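Same order as they appear, the protein sequences are chains A and B.
For the first sequence, our numbering begins at 1 and goes up steadily by one.
For the second sequence, our numbering begins at 1001 and goes up steadily by one.
Built from N, CA and C at the ideal position, the CB exists for glycine as well.
Small disclaimer: the values here were computed from a predicted structure and weren't measured.
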Amino acid sequence: MDPALFLQAAILSAISAVIYIIIGILPGTDETATMAPIALALLMAGLNPVLVLAWFMGSIVAFKIGDAVPVALAGIPGGVMAVPQVPDALVAKEHGLADVLLRKGNAAALISATIVTLFVLGVSIALMPVGAWLNTYDLVLGVKVARWFWLILIGVIFLSLTSKNKWLAIAMIPAFAILVQGIRGVYGKTVSVSLFLGITVGPLMFELFSALNKDLRKSMERRGFKEIKLAKVGKIKLNPFAHLTKEELIHTIIWSPISSILATVMSPVGLTILIGDTLRETKKEKLQGSLLAYTVREGIKLGTYIGGTLIPLLVIGAATGPMSAGPAAPFFQNIPNIGMPPYKYIIEKYSYWDISALVILSVAVALLVAYPLIVKYSRNITLLVFRRISAESLYGLFIAIVLLLAYYDAGIPGIFGMLLVALLSGAVSRLGVSLGVLFMVLVGAPTITALLAAL
Amino acid sequence: MNGDEAYIEIYGELVSLKELAIASIISTALAFVLFYFSPSIAKAIGMPNLANALKITLGAIGASIGFFFSIPLTKVKRKIVEEE
């Protein structure tokens, strides 16, 4: 690989880290809605997919480190993945341990990102032969079906069964596949980008349109400003090992790699809750349980995001889980100007070792930027972001990017197709269907509808 | 506008629908203006063959400029209390 490409990757990862620390700290910023459109815009703008991967790895590290800051200091989540952390953070805050929590979380994130990146790259090379097998096609009911499709189907059924409204989630698998293929039929081409964006902004759009109804708006109305109490932060040592107990360190080292493999087909939020809550229950004392659960969850957050992106990208060649079909989905969509999905471009054009070196470099650069920044200036950055950046300006930016990409993908019909998918996604999400179900159905829609028609 | 105005709570953030509309219109308008003028801009910078590739880049730059314009036009609705 050209050395200049490594330099560009390092620069992009550093820029991405700075931007995503801010987005991570801001409350109400959903990972998929903020990471996917930007990655997609970079790919569609013609940036080399391997450099977009470097950008994306930088954004994972910085977002996951950043979204923990408002949780620890103010008890409000910076992203969806930080939501399960709130109750335990509040326990620590009540005991005046907000800054202890911040240090522990940061340290676990740094250790996890380092270990998981190396672990996932090692596991991926061992799993490579499985990838070739998964990409073989079989004839089922007269339909050509890739073997990885069954992995998606198992994943989507599993995710449906763990959704709050499992029966609706199951029913949405064929129903949403038909909607997707129907829209593609109307457009006369296999669009993915605008439909994918529709799912990402679905919950936000649904809330906004609900607010336009006078009766519904009443229940959403609040008077005055939102009061946020920001805890004090003392001096923090840079050495991550100084902040963790032996037990926290061991659990982080064990559970982060395990969750990185499980995230290939399982939900990162689900894994974070499951493992964190189980660990908390092992402790008799509430505070000790909360500190352990919070710390290990910070590691698991990074583990699921890194594993959930890299294993499907390097080994399977299909978006098989909520992470690869969600925030990382742009790498699995057909991008018109590349003529193939970016993951394919990356693995066909570059050797495994080149990709690994680039991934390690981008994670290292993002950690070098994000970790010291948060350790030294977490309170100042939070104050600056909370005081200066309004929710409206950020939502406005994402709405503009989504409209632009939907228009680029399929013109004016692309915008309305996106709106249709957004409102449906927002509605079923409100009814308790995990959005991951819809993301995965979008990937498998052609095969699902072909199999349904053949029945 | 004052602190007693009613806002909509979305994802734990207080949002004024009017300000959100203003911010979205500014960002979207600037995104589409740069998107449409990208062929002329590409020509002006001496790279007419990049007109198509520059469309999304310039559109995203337009949206980002809109974001910076929106910051002073929208009000932050968080009241920060610093604990000592």
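Residue i versus the options, residue with shortest Cα-Cα distance
| i | options | result |
| --- | --- | --- |
| Leu121(A) | Trp148(A), Glu221(A), Ser260(A) and Thr245(A) | Ser260(A) |
| Val80(A) | Gln288(A), Tyr305(A), Leu314(A) and Lys344(A) | Tyr305(A) |
| Ser124(A) | Pro372(A), Gly426(A), Ile355(A) and Arg379(A) | Ile355(A) |
| Thr264(A) | Leu423(A), Leu118(A), Gly426(A) and Val315(A) | Val315(A) |
| Trp55(A) | Lys189(A), Ala10(A) and Pro84(A) | Ala10(A) |
| Thr117(A) | Leu134(A), Leu291(A), Ser194(A) and Thr309(A) | Thr309(A) |
| Gly394(A) | Ile1041(B), Ala1042(B) and Phe1067(B) | This sequence places Leu at residue 394(A); Gly is not what is there. Selected option, being the one with the closest Cα: Phe1067(B). |
| Thr245(A) | Lys218(A), Asp277(A), Leu291(A) and Ala17(A) | Leu291(A) |
| Leu420(A) | Ile300(A), Leu110(A) and Gly202(A) | Gly202(A) |
| Ala45(A) | Ile254(A), Pro336(A), Arg297(A) and Asp138(A) | Pro336(A) |
| Leu271(A) | Glu298(A), Glu285(A), Lys284(A) and Glu247(A) | Glu298(A) |
| Leu400(A) | Ile23(A), Ala41(A), Phe331(A) and Phe6(A) | Correcting the residue identity first, residue 400(A) is Ala in this sequence and not Leu. Among Ile23(A), Ala41(A), Phe331(A) and Phe6(A), the Cα nearest to that of Ala400(A) is on Ala41(A). |
| Met205(A) | Val402(A), Ala410(A), Leu7(A) and Ile347(A) | Val402(A) |
| Ile347(A) | Val186(A), Ile311(A) and Glu285(A) | Ile311(A) |
| Pro87(A) | Val186(A), Ala146(A) and Leu287(A) | Leu287(A) |
| Arg103(A) | Ser378(A), Leu139(A), Val180(A) and Trp353(A) | Ser378(A) |
| Leu405(A) | Leu238(A), Lys214(A) and Ser194(A) | Ser194(A) |
Residue i to residue j span [Cα, whole Å]
| i | j | result |
| --- | --- | --- |
| Gly234(A) | Val69(A) | 14 Å |
| Ile448(A) | Phe1037(B) | 41 Å |
| Leu216(A) | Ile228(A) | 26 Å |
| Met418(A) | Arg280(A) | 41 Å |
| Ser1024(B) | Asp2(A) | 40 Å |
| Ala39(A) | Trp148(A) | 24 Å |
| Ile199(A) | Ala319(A) | 15 Å |
| Leu151(A) | Glu221(A) | 43 Å |
| Asn165(A) | Ala329(A) | 24 Å |
| Asn1002(B) | Asp30(A) | Low local confidence applies: a pLDDT of 48 at Asn1002(B) is under 50, so the model's placement there is unreliable, and no value is given. |
| Val1033(B) | Ser16(A) | 25 Å |
| Leu127(A) | Ile1080(B) | 49 Å |
| Ile254(A) | Ile60(A) | 20 Å |
| Val52(A) | Ile170(A) | 34 Å |
| Ser192(A) | Ser425(A) | 15 Å |
| Pro341(A) | Val443(A) | 12 Å |
| Gly339(A) | Val130(A) | 25 Å |
| Gly321(A) | Phe439(A) | 9 Å |
| Ile115(A) | Val91(A) | 29 Å |
| Tyr137(A) | Phe209(A) | 43 Å |
| Glu1082(B) | Lys226(A) | 14 Å |
| Ser362(A) | Ala113(A) | 11 Å |
| Ile250(A) | Asp277(A) | 17 Å |
| Ile374(A) | Ala36(A) | 24 Å |
Contact set for residue i: own chain, Cβ-Cβ below 7 Å, skip 5 residues either direction
| i | result |
| --- | --- |
| Ala89(A) | Val71, Ala72, Gly75, Leu101 and Tyr294 |
| Leu452(A) | Pro174 |
| Ser407(A) | It is Tyr, not Ser, that sits at residue 407(A) in the sequence shown. If we look at Tyr407(A) and ignore the five residues flanking it on each side, its Cβ neighbours are Gly414 and Ile415. |
| Ala458(A) | Examination of residue 458(A) is not possible in this model, given that chain A is present from 1 through 455 alone. |
| Ile258(A) | none |
| Tyr343(A) | Leu313, Gly317, Phe331 and Phe332 |
| Leu110(A) | Pro240, Leu367 and Tyr371 |
| Phe1069(B) | Ile1026 |
Residue i, enclosing alpha helix (DSSP H) - first and last residue
| i | result |
| --- | --- |
| Ile154(A) | Trp148 to Thr162 |
| Leu405(A) | Ala391 to Arg430 |
| Val443(A) | Leu435 to Ala454 |
| Pro1039(B) | Ser1038 to Ala1044 |
| Glu285(A) | Note, Glu285(A): premise wrong, no alpha helix (DSSP H); not H, not E. |
| Thr320(A) | Element bounds for Thr320(A): n/a, residue is neither H nor E. |
| Thr1074(B) | Here Thr1074(B) belongs to no alpha helix (DSSP H), and DSSP marks it neither H nor E. |
| Pro268(A) | Pro268 to Glu281 |
Segment limits, beta strand (DSSP E) that includes residue i
| i | result |
| --- | --- |
| Leu97(A) | That residue, Leu97(A), is in no beta strand (DSSP E); it is neither H nor E in DSSP. |
| Leu139(A) | Tyr137 to Val140 |
| Leu313(A) | It is not in any beta strand (DSSP E) - Leu313(A) carries neither H nor E in the DSSP assignment. |
| Ile1080(B) | Arg1078 to Glu1082 |
| Glu1007(B) | The sequence shown places Tyr at residue 1007(B), not Glu. First-last of the beta strand (DSSP E) with Tyr1007(B): Ala1006 to Ile1010. |
| Glu1013(B) | Glu1013 to Val1015 |
Close Cβ partners of residue i (< 8 Å) along its chain, the five nearest in sequence each way excluded
| i | result |
| --- | --- |
| Lys1055(B) | Phe1035 and Ser1038 |
| Leu383(A) | Leu230 |
| Val385(A) | Ile22, Ile25 and Leu26 |
| Leu168(A) | Val428, Leu431, Gly432 and Val433 |
| Leu5(A) | Asn48, Val50, Leu51 and Leu358 |
| Ile1008(B) | Leu1014, Val1015, Ser1016 and Leu1017 |
| Leu1030(B) | Gly1062, Ala1063, Ile1065, Gly1066 and Phe1069 |
Contacting residues, own chain, Cβ-Cβ under 6 Å from residue i (five flanking each side not counted)
| i | result |
| --- | --- |
| Ala517(A) | Residue coverage of chain A in this structure runs from 1 to 455, which leaves residue 517(A) outside it and unanswerable. |
| Ala366(A) | Ser13, Ala17, Gly58, Val61 and Ala62 |
| Ala107(A) | Pro240, His243 and Leu244 |
| Ala450(A) | Val143 |
Alpha helix (DSSP H) runs contained entirely in the region 174–257 of chain A, provided each spans 4 or more residues: 193–211 and 214–220
Complete runs of the alpha helix (DSSP H) confined to the region 65–125 of chain A [at least 4 residues]: 68–74 and 86–94
Unbroken stretches of the beta strand (DSSP E), 3 residues or longer, contained in the region 337–365 of chain A: none
Ranges of the alpha helix (DSSP H) found wholly within the region 7–52 of chain A, counting only runs of at least 4: 31–44
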